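Working notes, structure below.
Residue numbers (this note's numbering): 2 to 365.
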């Protein structure tokens, strides 16, 4: 076994999920994630955790959803009971086809997701972490040789997470103390309220309210969004290519939108429910181990010199105690490149210019 796989497993179990003896762990394994699953299982055994491994396949999901009549039972009791008894939920993605569910109708996806809201909330109550095992389908999606993609992925995953957390704490402090964010770049002039919000220093560990490996972003839950934004980073949403999405906000909601490609996907997302037309996340990418776009949101949204916004659900970690943020069955991230002719302001003060943070500016 490649020693980097064992290192990946150690980071996932020890740093990211903070697994302890006696924890009930569900390990969801993609078809091509076998080696990482073996390494993780070994670590869980050493830790004395209770393991249940499940199989997660895009082809299986496609077959089920396409055959169903869309009248899904709400929160099936067996699945809900499993999640309610789960202390740690680990998802290792690694499918054979990154577009396996591309021909599942959007309405079916939405209906299935909405019918499992309590199950989803129970999973979010666990210490959940999602990661990927670098495989050939992901390499192909990223237009890389397999070995090249492995190097790229492990550069992003096997980081000095404590040092990165210390740097990202600078941005968290600025957001925590701020009231309004303004983002300006080509095709974008957007203001958002962050009053009384708490930013998350997403350092790839549940100890930081962070649930992705790799991570490397600072995010919060904006409100009262006004203006327009252009997402110029190519991406695949629900199996379809999407290019140059433009959203216009008034009164916190999307009132107009367009896309050079994939506009029907955006239309379906916005029609999912009332909360889908509002922002649930503002995220600032800070992982410079990610140096190129790969058409994989897990990596792309963490890339340095990018900012992403998500339509839909807001994360509770960003909200005051007892306050409910934007609620939706969807959470869809889209990314804008801020490496040139851009600025990010907090309460009128520029904190990032052309992708560089103020604590890195010469003379600062």
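C-beta: ideal position from N, C-alpha, C; glycine also. Small disclaimer: the values here were computed from a predicted structure and weren't measured.
Report the three-state DSSP secondary structure of residue i (helix, strand or coil).
i: residue 1; result: Residue 1 cannot be examined here, being either before or after the span of the chain that is shown, 2 to 365.
i: residue 287; result: coil
i: residue 364; result: Note that residue 364 has pLDDT 43, beneath the 50 cutoff, so the model's placement of it is unreliable and the number below is only indicative. Looking at residue 364 - three-state DSSP - the assignment turns out to be coil, as it is neither helix nor strand.
i: residue 185; result: strand
i: residue 156; result: helix
i: residue 320; result: coil
i: residue 2; result: coil
i: residue 252; result: coil
i: residue 356; result: coil
i: residue 334; result: strand
i: residue 270; result: helix
i: residue 177; result: helix
i: residue 164; result: helix
i: residue 148; result: helix
i: residue 205; result: coil
i: residue 341; result: coil
i: residue 198; result: coil
i: residue 302; result: coil
i: residue 351; result: strand
Can you name, in chain order, every residue of its own chain whose Cβ lies under 6 angstroms from the Cβ of residue i, other than the five neighbours on each side?
i: residue 282; result: 220, 311
i: residue 169; result: 202, 219, 287
i: residue 183; result: 192, 346
i: residue 64; result: none
i: residue 364; result: With a pLDDT of 43 at residue 364, under the threshold of 50, the modelled position of that residue is not reliable, and the figure given next carries that caveat. Answer for residue 364: no residue qualifies.
i: residue 362; result: none
i: residue 142; result: 99, 296
i: residue 211; result: 203, 204, 205
i: residue 351; result: 344
Per DSSP, which one or two residues make a beta bridge with residue i?
i: residue 141; result: According to DSSP, residue 141 bridges with nothing at all.
i: residue 297; result: Paired residue(s): none; residue 297 is not in a bridge.
i: residue 65; result: Paired residue(s): none; residue 65 is not in a bridge.
i: residue 309; result: 284, 336
i: residue 237; result: 242
i: residue 229; result: 190, 249
i: residue 257; result: 249
i: residue 221; result: 283
i: residue 132; result: 93, 214
Between which residues of its own chain and residue i is the CB-CB distance below 7 angstroms, once the five residues before and five after are set aside?
i: residue 5; result: 155, 159
i: residue 336; result: 232, 234, 236, 301, 302, 307, 309
i: residue 44; result: 10, 11, 14
i: residue 333; result: 238, 270, 311, 312, 313
Apart from the five residues on each side of it in sequence, which residues of its chain come closer than 8 angstroms, Cβ to Cβ, to residue i?
i: residue 98; result: 59, 60, 138
i: residue 2; result: 36, 39, 40
i: residue 42; result: 28, 52, 54
* Is the number of C-beta pairs between the region 154-161 and the region 98-117 that are closer than 8 angstroms three or more? -> With a cut-off of 8 angstroms, the region 98-117 and the region 154-161 do not count as touching, because too few Cβ pairs lie within range.
* Counting only runs of 3+ residues fully inside the region 5-59, write out the beta strand (DSSP E) ranges in chain order. => Within the region 5-59, complete beta strand (DSSP E) segments of at least 3 residues are found at 25-30, 51-56, given in chain order.
* Starting from the N-terminal side, write out each stretch of the alpha helix (DSSP H) that is 4 residues or longer and does not extend beyond the region 77-125. => Here the runs fully enclosed are 78-85, 107-115.
* Asked: Any contact of the region 90-106 with the region 14-32, i.e. 3+ C-beta pairs under 8 angstroms?
  -> The region 90-106 is in contact with the region 14-32.
* To do: Could you tell me whether the region 262-269 touches the region 234-251, where touching means 3 or more Cβ pairs closer than 8 angstroms?
  => Cβ pair count under 8 angstroms is three or more, so yes.
* **Three CB pairs or more closer than 8 angstroms across the region 309-328 and the region 220-236** => The region 220-236 and the region 309-328 touch, with three or more beta-carbon pairs separated by less than 8 angstroms.
* **the region 124-138 / the region 270-281 touching (three or more Cβ pairs under 8 angstroms)** => The region 124-138, when compared against the region 270-281, does not touch it at the 8 angstroms Cβ threshold.
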